[in-house]
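**Q**
Numbering (my numbering), first residue to last: 279 to 485.
The structure is reproduced here in structure tokens:
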């Protein structure tokens, strides 16, 4: 098995896992991993494929801008340029994009950014749980991927590997495919926690 095929196998398995968690309904969501550097190539999940049916052949090779290389049987996700932008600005090796309900609701509740602090699960994002405040940025959605990419570039917080897109979902990144997927699980838990805490103990009623 070639290194590239091995990555495609893991990308497909990760995509199916995220579908099973309910975060990639239908054909929504996408996953990428850096396949090589100099020149940089990404493997990106294909467009229009039901995520529960994703197979290794649905991993599409793109250039450093997220544009598909010639001679492939599938087109990459339309959001491949966003993945490429996040890799470029963050140095990540993998990016996950999901439509988790928690991310959409949290972006609506806190459109200026979601503050996270003092919760043990924050370690799953590579953040401290000792009381430091980390703000997850929220950007306005756009159907123009160049516009969305630029908004994320400008908003990205290097201290926390998550960006929420209003009325859309979230992007999470990490040093590997497994790292990005694990951080996505942590991000969903933390956003659910923030939303529920806001209901049961709003700021004015907390000790």
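We treat Cβ as the ideally placed atom computed from N, Cα and C, and that holds for glycine.
Nothing here was measured: the structure is a model prediction, and the numbers come from that model.
(1) Can you grab the Cα-Cα spacing for the pair residue 468 / residue 342, in whole Å?
(2) Around the Cβ of residue 354, are there at least 16 other Cβ atoms within 10 angstroms (buried) or fewer (exposed)?
(3) For residue 292, which of helix, strand or coil comes out of DSSP?
(4) My output table needs one value for residue 346: the three-state DSSP class, helix, strand or coil.
(5) Three-state secondary structure (DSSP) at residue 462?
(6) Whose C-beta lies closer than 7 Å to the C-beta of residue 313 among residues of the same chain, with five residues either side of it excluded?
(7) Does DSSP put residue 451 in a helix, in a strand, or in coil?
(8) Pick from 315, 473, 328, 291: whose alpha carbon is nearest that of residue 391?
(9) Note down, in chain order, each residue of its chain lying with its Cβ closer than 7 Å to the Cβ of residue 393, except the 5 sequence neighbours on either side.
(10) Give me, in chain order, the residues of the same chain whose beta-carbon lies closer than 6 Å to that of residue 324; leave out the 5 immediate sequence neighbours on both sides.
(11) Based on the DSSP secondary-structure assignment, which residues constitute the bridge partners of residue 324?
(12) Tell me, to the nearest whole angstrom, how far the beta carbon of residue 448 is from that of residue 376; I am working on the premise that it is less than 8 Å.
(13) Whether or not the region 286 to 299 and the region 430 to 447 are in contact is what I'm after, with contact meaning three or more pairs of Cβ atoms, one per stretch, closer than 8 Å; do they touch?
(14) Use the C-beta contact count for residue 459: other C-beta atoms within 10 angstroms, 16 or more gives buried, fewer gives exposed.
(15) Using three-state DSSP, classify residue 393 as helix, strand or coil.
(16) Leaving out five residues on either side along the sequence, give the residues of the same chain with a beta carbon under 8 Å from the beta carbon of residue 445.
(17) Considering only the beta carbon of each residue, do residue 307 and residue 329 sit closer than 8 Å?
(18) Go ahead and pull the three-state DSSP assignment for residue 372.
(19) DSSP state of residue 424, grouped into three classes?
(20) From residue 332 to residue 481, what distance separates their C-alpha atoms?
(21) Three-state secondary structure (DSSP) at residue 279?
(22) First and last residue of the alpha helix (DSSP H) that includes residue 382?
**A** If we stick to the structure as given:
(1) The residue labelled residue 468 in the question sits at position 190 within the chain shown. The residue labelled residue 342 in the question sits at position 64 within the chain shown. For residue 468 and residue 342, the distance between alpha carbons rounds to 31 Å.
(2) Along the chain shown, read from residue 1 onward, the residue named residue 354 stands at position 76. Residue 354 should be labelled buried.
(3) The count along the chain shown starts at 1 and reaches residue 292 at position 14. It is helical.
(4) Along the chain shown, read from residue 1 onward, the residue named residue 346 stands at position 68. Looking at residue 346 - three-state DSSP - the assignment turns out to be strand.
(5) Position 184 of the chain shown holds residue 462. Here residue 462 sits in helix by DSSP.
(6) Mapped onto the chain shown, residue 313 falls at position 35. So the qualifying residues of the chain are 282, 285, 319, 320, 321, 339.
(7) By 1-based counting over the chain shown, the position of residue 451 is 173. Three-state DSSP puts residue 451 in a strand.
(8) Counting from one through the chain shown, the residue named residue 391 turns up at place 113. Nearest C-alpha to residue 391: 473.
(9) By 1-based counting over the chain shown, the position of residue 393 is 115. 411, 413.
(10) Translated into the one-based positions of the chain shown, residue 324 becomes position 46. The answer, listed in chain order, is 336, 338, 352.
(11) Translated into the one-based positions of the chain shown, residue 324 becomes position 46. Residue pairing by DSSP places residue 324 opposite 354 in a beta bridge.
(12) The residue labelled residue 448 in the question sits at position 170 within the chain shown. The residue labelled residue 376 in the question sits at position 98 within the chain shown. At roughly 6 Å, the Cβ-Cβ gap stays under 8 Å, so residue 448 and residue 376 are in contact.
(13) no
(14) The sequence position of residue 459 within the chain shown is 181, counting from 1. Residue 459 is buried by the Cβ-count criterion.
(15) For this step, residue 393 is matched to residue 115 along the chain shown. Strand.
(16) To locate residue 445, count along the chain shown from 1; it is residue 167. Taken in chain order, the residues that qualify are 382, 385, 386, 419.
(17) Counting from 1 along the chain shown, the entry for residue 307 is found at position 29. Counting from 1 along the chain shown, the entry for residue 329 is found at position 51. Going by beta carbons, residue 307 and residue 329 fall inside the 8 Å limit.
(18) Against the chain shown, residue 372 aligns to sequence position 94. If DSSP states are grouped into helix, strand and coil, residue 372 belongs with the strands.
(19) For the purposes of this step, residue 424 is identified with residue 146 of the chain shown, where counting begins at 1. Helix.
(20) Locating residue 332 in the chain shown gives position 54, counting from the first residue. Locating residue 481 in the chain shown gives position 203, counting from the first residue. Answer to the nearest angstrom: the Cα atoms are 43 Å apart.
(21) Here residue 279 corresponds to residue number 1 of the chain shown, with the count starting at 1. With a pLDDT of 44 at residue 279, under the threshold of 50, the modelled position of that residue is not reliable, and no figure is offered here.
(22) Translated into the one-based positions of the chain shown, residue 382 becomes position 104. DSSP places residue 382 in the uninterrupted alpha helix (DSSP H) bounded by 379 to 387.
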